[in-house]
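Letter by letter, the sequence shown follows residues 110 to 313 of my numbering. To keep things clear, I will list the structure first and then write my remarks on it.
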Amino acid sequence: MKIYLLISSLLFFSFLILSTPRLKDLPEKGTKPAVTSSVLQGNQEQIKLGERLVMIAACHDCHTPKKMTDKGPVIDYSRALSGHPADMPPPDVNRKEVEQKGLAVTNTLTAWVGPWGISYAANLTSDATGIGNWTEKQFFTAIRQGKYKGLENSRSLLPPMPWDMYRNMTDEELKAIFAYLKSTKPIRNIVPAAQPPVTAAHGK
110 MKIYLLISSL
120 LFFSFLILST
130 PRLKDLPEKG
140 TKPAVTSSVL
150 QGNQEQIKLG
160 ERLVMIAACH
170 DCHTPKKMTD
180 KGPVIDYSRA
190 LSGHPADMPP
200 PDVNRKEVEQ
210 KGLAVTNTLT
220 AWVGPWGISY
230 AANLTSDATG
240 IGNWTEKQFF
250 TAIRQGKYKG
260 LENSRSLLPP
270 MPWDMYRNMT
280 DEELKAIFAY
290 LKSTKPIRNI
300 VPAAQPPVTA
310 AHGK
């Protein structure tokens with residue numbers, strides 16, 4: 110009987126020792142649990158979808174600077190989605206005439222002159238001069254409501270930004286695009302501020 114009790118006690122304590130987590134296996138205080146591979150894969154799939162949507166929505170046409178070749182301007186992917194270059198002047202045209210005739214003029218697709226004034230393609234990279242500090246809510250406000258920088262009390266987005274078409278994207282698609290833009294190479298480029306029409310400035 111004593112031998113049976115001794116064996117039972119040893120087995121019980123062995124079970125306790127083996128089933129108790131070792132201190133080194135416990136997560137450190139204040140640390141976050143490791144991200145699972147399925148979550149990482151989900152994030153990568155979302156970013157990949159966003160990249161594809163950015164391509165087929167022609168975002169590069171206006172938001173990526175061009176470089177001149179013997180065949181004309183082509184997209185410069187080394188500056189992908191960084192917006193109108195800060196040091197590049199707008200098209201050299203008679204703005205008053207353009208506005209009065211209702212024309213829209215551009216030579217790089219990153220700066221546009223029209224009856225609304227001058228609009229410049231925004232920096233969409235993850236840099237602070239782009240959308241690096243934006244929240245997902247701001248992005249939704251910009252696309253769904255056409256608001257500058259995604260701020261509800263800001264001005265409306267100017268042509269040729271087709272936000273009234275992009276607003277029809279699903280939440281999933283917009284979330285994917287935002288995730289992709291947040292993953293892009295940060296490129297510092299302070300895009301010039303939009304300018305009002307010259308005819309409005311002269312009261313005509």
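The C-beta atom is built at its ideal place from N, Cα and C for all residues, glycine as well. Quantities reported herein were computed from a predicted structural model and do not represent experimental measurements.
| query | result |
| --- | --- |
| The region 245 to 254 contacting the region 266 to 275, beta-carbon criterion three pairs below 8 angstroms | yes |
| Cβ neighbour criterion (16 or more within 10 Å) applied to Ser228 | buried |
| Proximity below 7 angstroms, CB of Thr308 to CB of Glu206 | no |
| Cβ-based neighbour list, Pro306, same chain, cut-off 8 angstroms, excluding 5 preceding and 5 following | Arg204, Glu208, Pro224, Trp225, Gly226 |
| As assigned by DSSP and simplified to three states, the class of Ala251 | helix |
| Lys175, DSSP secondary structure in three states | strand |
| First and last residue of the uninterrupted beta strand (DSSP E) at Ser228 | 226 to 229 |
| C-alpha gap between Leu290 and Asp179, whole angstroms | 31 angstroms |
| Among Glu281, Thr215, Ala303, the one whose alpha carbon lies nearest that of Lys175 | Thr215 |
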